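Inspection log for the structure reproduced underneath, given as structure tokens.
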Amino acid sequence: MNWAVATYDSAFGYVSAHGAPLVDLLDPQPDERIIDLGCGTGLFAATIAERGAEVLGIDGSPEMIAQAAAAYPQLSFAVGDAHDFTTSEPYDAVASNAALHWMTRDPDAVIGAVHAALRPGGRFVAEMGGAGNCAELIAAMQTAWRIFGLAEPELPWYFPTPAEYTSKLEAAGFTVRLLEYFDRPTRMTEGPGGAADWVRVFAASALKEVPPEIVEPLLARINELAAPALRRESGWVADYVRLRFAAVRKPDGSAPMPEGPAGPAAAAGPPPTVVTPPPMGPSAPPPSGAPGEPPLQGAPGAPGMPGASSPGVPGAQAQQGPPPPSPGVPGTQPQQGAPGMPAPSPGVPSAQPQQGAPPPMHTVPMAPGAGPANVHATAPPPSPGGEPPFEVPAVHRH
Numbered sequence: 001m002n003w004a005v006a007t008y009d010s011a012f013g014y015v016s017a018h019g020a021p022l023v024d025l026l027d028p029q030p031d032e033r034i035i036d037l038g039c040g041t042g043l044f045a046a047t048i049a050e051r052g053a054e055v056l057g058i059d060g061s062p063e064m065i066a067q068a069a070a071a072y073p074q075l076s077f078a079v080g081d082a083h084d085f086t087t088s089e090p091y092d093a094v095a096s097n098a099a100l101h102w103m104t105r106d107p108d109a110v111i112g113a114v115h116a117a118l119r120p121g122g123r124f125v126a127e128m129g130g131a132g133n134c135a136e137l138i139a140a141m142q143t144a145w146r147i148f149g150l151a152e153p154e155l156p157w158y159f160p161t162p163a164e165y166t167s168k169l170e171a172a173g174f175t176v177r178l179l180e181y182f183d184r185p186t187r188m189t190e191g192p193g194g195a196a197d198w199v200r201v202f203a204a205s206a207l208k209e210v211p212p213e214i215v216e217p218l219l220a221r222i223n224e225l226a227a228p229a230l231r232r233e234s235g236w237v238a239d240y241v242r243l244r245f246a247a248v249r250k251p252d253g254s255a256p257m258p259e260g261p262a263g264p265a266a267a268a269g270p271p272p273t274v275v276t277p278p279p280m281g282p283s284a285p286p287p288s289g290a291p292g293e294p295p296l297q298g299a300p301g302a303p304g305m306p307g308a309s310s311p312g313v314p315g316a317q318a319q320q321g322p323p324p325p326s327p328g329v330p331g332t333q334p335q336q337g338a339p340g341m342p343a344p345s346p347g348v349p350s351a352q353p354q355q356g357a358p359p360p361m362h363t364v365p366m367a368p369g370a371g372p373a374n375v376h377a378t379a380p381p382p383s384p385g386g387e388p389p390f391e392v393p394a395v396h397r398h
């Protein structure tokens with residue numbers, strides 16, 4: 001899609017601002033070779049590079065890559081398609097922040113390309129929109145389209161359930177070490193037009209199909225429809241639901257998951273940790289935080305990979321058995337550990353402190369079919385055939 005790069009950076013910088021816990025989960029080490037897949041304007045790649053890693057940012061938007069290269073000339077960036085990129089040498093990790101849900105043509109192909117790019121034992125750490133993400137915003141869009149007599153908009157996103165994406169990762173040859181699924185209502189700090197501004201930036205492809213003379217009335221109606229659920233005295237919020245995970249490529253030659261009644265989950269041992277969100281709507285408590293803070297309700301911070309476990313969510317209730325108390329987080333219940341993970345650690349120093357009482361979140365074990373119904377948008381048509389796959393150049397530091 002063609003991004004309005006200046007608008008994205010100036011009005012929706014909070015998307016990148018939420019990347020700090022993901023960097024801690026990735027735990028980049030000096031001289032590691034890491035790909036930032038869907039790097040956008042480069043801020044997340046630059047944050048990884050601050051830890052001493054050699055980073056290559058890949059994005060399908062030439063405009064985004066041009067801005068990233070101008071902003072961070074010491075890093076390497078390349079235009080490429082995440083569905084079919086290849087590498088000449090294996091990488092230590094692939095990370096992605098708020099980008100995988102845009103890769104709708106074939107999510108399995110994206111996961112397969114990531115697997116092929118990693119060395120055995122390499123890490124795939126990412127955060128994306130999960131099932132139910134932006135449900136109020138999407139409902140307002142769809143209703144407004146119908147009111148104006150327009151065909152249902154084609155939505156350019158893929159928001160999987162935890163069970164769905166875990167199955168895809170395991171089928172591709174990954175072991176899922178951690179998976180978190182949580183509500184994160186987020187203040188749209190610099191988007192004064194509220195839901196309308198969000199649609200302009202993130203659903204621009206759908207707006208292109210709207211006759212120009214009704215675009216502004218349509219956006220005004222979207223604001224009217226979304227306001228009861230998403231407008232607060234302090235401003236507008238986006239009803240984000242996030243899926244964050246850490247997975248490791250299995251060693252070459254490892255046995256495939258057995259089929260049949262036991263299924264992959266039984267073969268893999270205890271399930272990864274999953275945090276499920278309560279529903280968000282007009283009756284949900286208003287998000288906390290002072291005006292101007294990007295995060296309203298911080299996602300549960302997670303320390304570095306590999307061998308990381310989520311440190312617990314304030315107000316969370318464990319549904320299976322009383323776990324031991326989490327060190328350094330008074331009054332919280334730690335999440336259930338993933339296989340091979342140590343005891344929970346006391347939180348991420350870089351995470352912003354939470355203020356007020358967030359809505360309760362519940363820790364539940366992963367199971368097939370867990371989570372809300374999938375919100376799966378219509379994917380765009382595949383790109384023309386016959387094009388050779390994009391090959392990633394060797395990473396170098398300038």
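Quick note on numbering: the sequence shown equals residues 1 to 398 in the UniProt record's numbering.
Glycine included, each C-beta is placed from N, C-alpha and C at the ideal position.
Nothing here was measured: the structure is a model prediction, and the numbers come from that model.
Restricting to Cα atoms, I'd like to know which of the options is closest to residue i.
i	options	result
Pro224	Ala139, Arg184, Glu209 and Leu169	One point to set straight first is that residue 224 is Glu, not Pro, in the sequence displayed. With distances taken between Cα atoms, Glu224 lies closest to Ala139.
Ala20	Pro160, Gly38 and Glu50	Glu50
Ala247	Gly42, Val199 and Arg119	Arg119
residue 399	Leu56, Asp106, Ala172 and Ser96	Here the chain has residues from 1 to 398 only, and residue 399 is not among them.
Glu63	Leu219, Val55 and Ala78	Ala78
Ile65	Val199, Leu218, Gly38 and Arg231	Gly38
Pro156	Asp106, Leu22 and Thr86	Asp106
Glu154	Pro211, Glu216 and Ser205	Ser205
Arg244	Tyr181, Val201, Asp27 and Val215	Tyr181
Leu100	Tyr158, Tyr91, Glu216 and Phe148	Tyr158
Leu137	Leu219, Gly121, Ile111 and Ser96	Leu219
Thr104	Thr166, Ala135 and Ala82	Ala82
Phe202	Ile48, Pro28, Ala46 and Trp102	Trp102
Thr87	Leu169, Thr47, Val23 and Ala116	Ala116
Pro217	Ser167, Phe148 and Glu170	Phe148
Could you give the distance in angstroms between the alpha-carbon of residue i and the alpha-carbon of residue j?
i	j	result
Gly40	Gly80	12 angstroms
Ala144	Leu207	12 angstroms
Met141	Ala229	14 angstroms
Ala98	Met128	5 angstroms
Ala163	Glu213	43 angstroms
Pro30	Pro160	33 angstroms
Gly194	Arg231	8 angstroms
Leu43	Phe174	27 angstroms
Val114	Gly60	15 angstroms
Thr186	Ala196	16 angstroms
Gly57	Ala109	19 angstroms
Arg177	Glu152	38 angstroms
Glu89	Arg33	10 angstroms
Leu25	Phe85	24 angstroms
Val215	Ala226	16 angstroms
Met188	Ile111	30 angstroms
Val55	Val210	39 angstroms
Ala93	Asp183	26 angstroms
Gly122	Tyr91	7 angstroms
Ala126	Ala45	13 angstroms
Leu150	Gly52	51 angstroms
Leu179	Tyr240	16 angstroms
Arg221	Arg200	13 angstroms
Arg242	Cys134	10 angstroms
Asp252	Thr166	20 angstroms
Leu22	Asp36	12 angstroms
residue 400	Phe124	The question about residue 400 has no answer, for the chain in this structure spans 1 to 398.
Going by DSSP in three states, residue i sits in which element: helix, strand or coil?
i	result
Ser283	Low confidence applies here, because Ser283 scores a pLDDT of 41, under 50, leaving its location unreliable; read the following figure in that light. Looking at Ser283 - three-state DSSP - the assignment turns out to be coil, as it is neither helix nor strand.
Trp157	coil
Ala45	helix
Val114	helix
Phe202	helix
Leu230	helix
Pro28	coil
Gly19	coil
Leu243	strand
Met188	coil
Val248	strand
Thr363	Residue confidence for Thr363 is low, a pLDDT of 33 falling below 50, so the modelled location carries little weight; the figure read from the coordinates is stated next. In this structure, Thr363 counts as strand in the three-state DSSP scheme.
Ala78	strand
Asp84	coil
Glu54	strand
Pro211	coil
Asp106	coil
Val89	Note that residue 89 is Glu in the sequence shown here, rather than Val. It is coil, neither helix nor strand.
Glu224	helix
Pro73	coil
Ala95	strand
Ala195	helix
Ala131	coil
Does any heavy atom of the ligand NAP sit closer than 6 angstroms to the C-beta of residue i?
i	result
Gly80	The ligand NAP is not among the ligands present in this structure, which contains no ligands whatsoever.
Ignoring anything shorter than 4 residues, give me the alpha helix (DSSP H) runs that lie fully in the segment 136–186, in order along the chain.
Scanning the segment 136–186 for uninterrupted alpha helix (DSSP H) segments of 4 residues or longer gives 162–172, listed from N- to C-terminal end.
Segment contact flag, the segment 60–79 with the segment 128–137, C-beta cutoff 8 angstroms, min 3 pairs:
Pairwise C-beta distances place the segment 60–79 out of contact with the segment 128–137, as fewer than three of them are shorter than 8 angstroms.
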